[in-house]
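Chain order of the listed sequences is A and B. Using the numbering used here, you'd call the opening residue of the first sequence number 467 and step up by one each time. Using the numbering used here, you'd call the opening residue of the second sequence number 557 and step up by one each time. Don't be surprised by glycine CBs; every beta carbon is placed ideally from N, CA and C. Data block below; observations after.
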Amino acid sequence: MILRYTFSEYALWILTLVVLAVTVAYPIAMLFYSSIVEDHTITFAAFQRMIKDPFLPKVTLNTLQLAVVVTFLSIAIGVPLAWLVVRTDLPAKNLIKVLATLPFIFPPYLLAMGWISLADPSIGIINRVYRILGGHGFIVNIYSFWGLVTVMASRFYVYVFLTTASALEQMDPSLEEAARMCGAPLSRVAREITIPLITPSIVAGALLAFVATVSNFGIPALIGLPAHYAVLTTVIYSDINMYDLEGAAAYSMLLLAISLPLLVVERFIARGRRYTTVTGRATRPTLMKLGSSRYPILALVIAFLMPATLFPLSTLVMMAFLKECYLNPFVISNYSFKNLYDVLFVNPDTQTAIQDSLILATSSATAIAMFGALVAYIVLRTRMAGRTLINVLASAPFALPGSVLALAMIFAFIKTPLFNTLALVFVAYFSRYLSYGVRTCVGSLLQIDPTLEEAARTSGAPWIRTFSDIVIPLIKAGIVSSWILVFMPTLSELTVSVILAPPTRPTIGKAVYNLMESGQFGWAYALGFLVLLVVIAGQIAINIVSRRLGVKTV
Amino acid sequence: MVEVIVRDLLKKFGSVVAVDRVSFNVKHGEFLTLLGPSGCGKTTTLRCIAGLEIPDDGEIRIGEKIVSAPRKGIFVPPEKRNIGMVFQNYAVWPHMTVFDNIAYPLKIRRLPKDEIRRRVKRVLELVHLEGLENRYPHQLSGGQQQRVALARALVMEPEVLLLDEPLSNLDAKLREEMRFEIKEIQRRVGITVIYVTHDQAEAMAMSDKIAVMNKGRILQIGTPTEIYRKPANAFVAEFIGLANFLEYKSLRFENNRVSVELKNGVLLLCSPPVKSSDKYVVVVRPSDIEISKEPLPGSIPGTIVKATFLGGSVDYRVDIGGQVIRVESKGGELMSPGSRVYLVIRYCVLAPL
Ligand SMILES: Nc1ncnc2c1ncn2[C@@H]1O[C@H](COP(=O)(O)OP(=O)(O)OP(=O)(O)O)[C@@H](O)[C@H]1O
Ligand SMILES: [Mg+2]
């Protein structure tokens, strides 16, 4: 690699640093600064509030209690399921894998809406069936601690499932066979070899599930608030709504104090070399024969997975098409396209929301796809100064819960014209999802032999020409997938938008949330249904891109 | 005492017949190598003996005990067979120290602590790993991990030791060293060994007997010399060492000799084939041919086509009138292509096609 750069190369490098400084470093710095300094004097205001706030211990306890229960459930579901899929001769494994990871592609609030349509005391399908059958009142209530746990576990267990499944897949089966040759019966092999070897991965997945639970806003907002179960993220939101930024900062610091160390531990485990078990030639693991219990177990697994995703999503669709949410869902004539039509062509609020979100998602996906490729290239393939810093900055916001990032944006831009505009939402999206773009491009860049670029350099092409003539065409697939990977979540983004979008210009996520809060379920679910469609379309697109262009997405 | 007997072993994976009715015996204390090209079923055979695969048919007997006989509904699980096994990729447990790895089989057998310590110490000395007890596998070199795997297989003093290409992940020099060491340990412990490799030099150097396999079948079993000198067929001849196949005009069988008339009219006296067939090839090892500039009695005239200097020897390609054969010459002056030479064949053997 060449150490001297042309003017344009320096210009790009400076641009990168400036962009990261404005969208990442400055907001995060302001978040901490504002928690400590008030009117130019160090007061530790946020921390003082933390000590004085009478509500805080209760909220913290709520959050931790929820996260612990969700995490344990995630392990209890994710580990056995992963084992069944990877290590036994269970039939229809691909179907199970799809079902098991399905919750992951939807925004959490959409799943929450699904569960509400299933188990709301008044409009929930289950309770309506119960009343149709002659019952009174309701039998299930989603607005409860266990309702909250159910929804969160049904989404966040996927972390444990994925990490455990990949650990089991990558584990060399001869490690287990060696133990059997030493005389260990299967139960001891599982206890002394398999479980210890996959424990780090289970722990990593569990930490991710824990942090995701603690950081999530959509589910506790839609389900926890009606149940009067406040958690850190929902309190941050309501504090900001009441212009109590100091309080929001206090709760944010607390949230970070919980989530950041856990993420650091998770990274540490994921990188750990001590437990690397992939050695030598890959051998096929011997699948455990389930024998005659194959089909009963399959039935059990499907009976468990269906309600976890397909049921809430189907009732969500039903709600979108019911003329009025209280009408009998078992009468065909009660269904129509009215809600969908209203949302798309009549209601000006949802119309602008869709328009705004499309613009925001397109612009941030495009910006991130380009900038992500540049960052990936600088970090991976040049020797420019500050590479590590660039890398850290580009991935830092992803570790922040959405509500904390939104608060950071407020502190950073409250005194600028950006405040209370969609432009600030764009900056926040850019910051939050930048790491998707960087990671995807890093992934595809790693598959390309550096000598291809070196050949261009030795042919006389400067750095920028190499980047545009060689690198970009080679990682095109990565850039396309990162575009889709950013477009999908930003189109339906809730947490950041609900805090930062101007009240008159809500995004889709914020509009859905407002409609849910004001009980306009028909429109809310119609909009939710559109999100569902886009997510599924996006998932199909990403599969096509990765298959056609042969890239692995993150 | 302990003999391993494999009879008509059959193992299919779906429609692929990985092991096709294989039979062999390994006597107590004997070192048998399964040798063959990639995919010929060596590993599968070994894993059937270990109990890691369930055979479809045939019988496997270890000592007095039948461990697998699908027809009789017998299958002893691997942990009950008391067999030591060394895997190609070592399979040393990364979450345990060297000591814990090696002590594991003894812990399973609930031996007292000090007994365990004593036996681990002894086996560590045997494989030259003293002082590394408390290391984790990632702190060891490939060769050391290999030794840990070997120690773990030996510590429970099994009756049979199975090794599946244990040296293939090591570099050439270490491989030679370990070859010698494994052989030495086997001799000292007096254990029955079944060894899998596709490296013929390794097989020759270590084995009492070699079973040459191809496509799931055993083509020949014999001592290394037998296999080298009297290959059962052209495949074995070619797989074990270098071989020239000469075409012939006619054959005349005598008492324990065969007189062969080559295409160019030269007469040769060769060893008879191990079994009769209607077609044969004449197998001549390049090292069994003497090369000289002067005609000798019974020599075949030829012209050098190519000469490659290999350090200890020279590899010649010699045209003997229509056929080019390889000759390995130790010492003597280097002759250049085009030279007129005379070849004397010291040993040749007929192999059924
Ligand atoms: N678990 C399995 N499932 C399906 N086919 C298998 C399985 N194991 C082995 N085979 C097939 O059986 C045949 C024999 O395989 P085996 O591993 O015994 O060969 P090998 O002689 O050990 O080869 P190598 O020298 O490459 O290790 C091969 O064709 C292989 O593809
Ligand atoms: Mg093999």
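Closer than 8 Å at the beta carbon, the chain A residues around residue i
i: G640(B); result: M647
i: P722(B); result: Ordered by position in chain A, no residue passes the 8 Å Cβ test against P722(B), which lies about 11 Å from the chain.
i: I750(B); result: Residues of chain A passing the Cβ test: none, with the nearest at roughly 13 Å.
i: M712(B); result: C648, G649
i: R708(B); result: A644, C648
Proximal chain A residues relative to residue i, where beta-carbon distance stays under 9 Å
i: E635(B); result: A645, R646, M647, C648, G649, A650, P651, L652, R654, V655
i: A606(B); result: E643, R646, M647
Residue i versus residue j - alpha carbon distance
i: R747(A); j: R898(A); result: Summary for R747(A): the model assigns pLDDT 42, below 50, so the residue's position carries little reliability; its value from the coordinates is reported in the next sentence. Taking the straight line joining both Cα atoms gives about 40 Å.
i: I639(B); j: L591(B); result: 21 Å
i: L999(A); j: R731(B); result: 60 Å
i: Y801(A); j: L788(A); result: 4 Å
i: Y898(B); j: H754(B); result: 35 Å
i: L923(B); j: F587(B); result: With chain B represented from 557 up to 909, any question about residue 923(B) goes unanswered, as that position is not in the structure.
i: C904(B); j: E919(A); result: 57 Å
i: V964(A); j: I825(A); result: 17 Å
i: Y741(A); j: D638(A); result: Bear in mind that a pLDDT of 47 at Y741(A), under 50, signals an unreliable position, so the model cannot answer this.
i: R603(B); j: P722(B); result: 14 Å
i: A790(B); j: S815(B); result: 19 Å
i: N811(B); j: K805(B); result: 20 Å
i: T745(A); j: Y979(A); result: No answer about T745(A) holds up, because its pLDDT of 44 lies below 50 and its placement is not dependable.
i: R678(B); j: E737(B); result: 16 Å
i: L550(A); j: T665(A); result: 17 Å
i: P573(A); j: K729(B); result: 57 Å
i: Y575(A); j: I517(A); result: 32 Å
i: R691(B); j: S667(A); result: 23 Å
i: N623(B); j: I630(B); result: Residue 623(B) is actually Val in this sequence, not Asn. Distance between the alpha carbons of V623(B) and I630(B): 7 Å.
i: Y872(B); j: N770(B); result: 30 Å
i: A696(A); j: G985(A); result: 20 Å
i: M647(A); j: K628(B); result: 23 Å
i: V1021(A); j: R905(A); result: With chain A represented from 467 up to 1020, any question about residue 1021(A) goes unanswered, as that position is not in the structure.
i: V503(A); j: A839(A); result: 37 Å
C-beta atoms of residue i and residue j nearer than 8 Å
i: M719(A); j: F513(A); result: yes
i: S583(A); j: Y902(A); result: no
i: M641(B); j: A709(B); result: yes
i: T700(A); j: A687(A); result: yes
i: V870(B); j: L852(B); result: no
i: L530(A); j: A715(A); result: no
i: L478(A); j: I930(A); result: yes
i: I914(A); j: L951(A); result: no
i: L981(A); j: W989(A); result: yes
i: V861(B); j: V874(B); result: yes
i: A647(B); j: A705(B); result: yes
i: K765(B); j: I750(B); result: no
i: I735(A); j: A693(A); result: no
i: M652(B); j: Q702(B); result: no
Neighbour list for residue i in chain B, Cβ cutoff strictly below 7 Å
i: S640(A); result: F643, N645, A647
i: P557(A); result: Those within 7 Å of P557(A) in chain B number zero; the least Cβ separation is about 16 Å.
i: I659(A); result: W649
Residues bridged to residue i [DSSP beta-bridge criterion]
i: L802(B); result: V838(B)
i: N770(B); result: R773(B)
i: K862(B); result: R873(B)
i: F589(B); result: Checking the displayed sequence, the identity of residue 589(B) turns out to be Thr instead of Phe. Paired residue(s): Y751(B), I766(B).
i: F569(B); result: V572(B)
i: K886(B); result: S869(B)
i: S848(B); result: Y898(B)
i: A907(B); result: V837(B)
i: N581(B); result: I561(B)
Neighbouring residues, chain B, relative to residue i (Cβ below 8 Å)
i: I541(A); result: Here the premise fails: no neighbours, minimum Cβ distance about 19 Å.
Under 7 Å from the C-beta of residue i: neighbouring residues of chain A
i: R665(B); result: G649
i: P661(B); result: C648, G649
Amino acids of chain B, ordered along the chain, whose beta-carbon sits closer than 9 Å to that of residue i
i: L634(A); result: Within 9 Å Cβ-Cβ: nothing; L634(A) doesn't reach chain B, min ~15 Å.
i: I668(A); result: Neighbours of I668(A) on chain B: none; closest Cβ ~14 Å, over 9 Å.
Problem - Every unbroken alpha helix (DSSP H) inside the stretch 502-532 of chain A [4 residues or more] - result: 511-518
Practice task
Ignoring anything shorter than 4 residues or poking outside the stretch 893-932 of chain A, list the alpha helix (DSSP H) runs there in chain order.
Solution key: 916-924, 929-932
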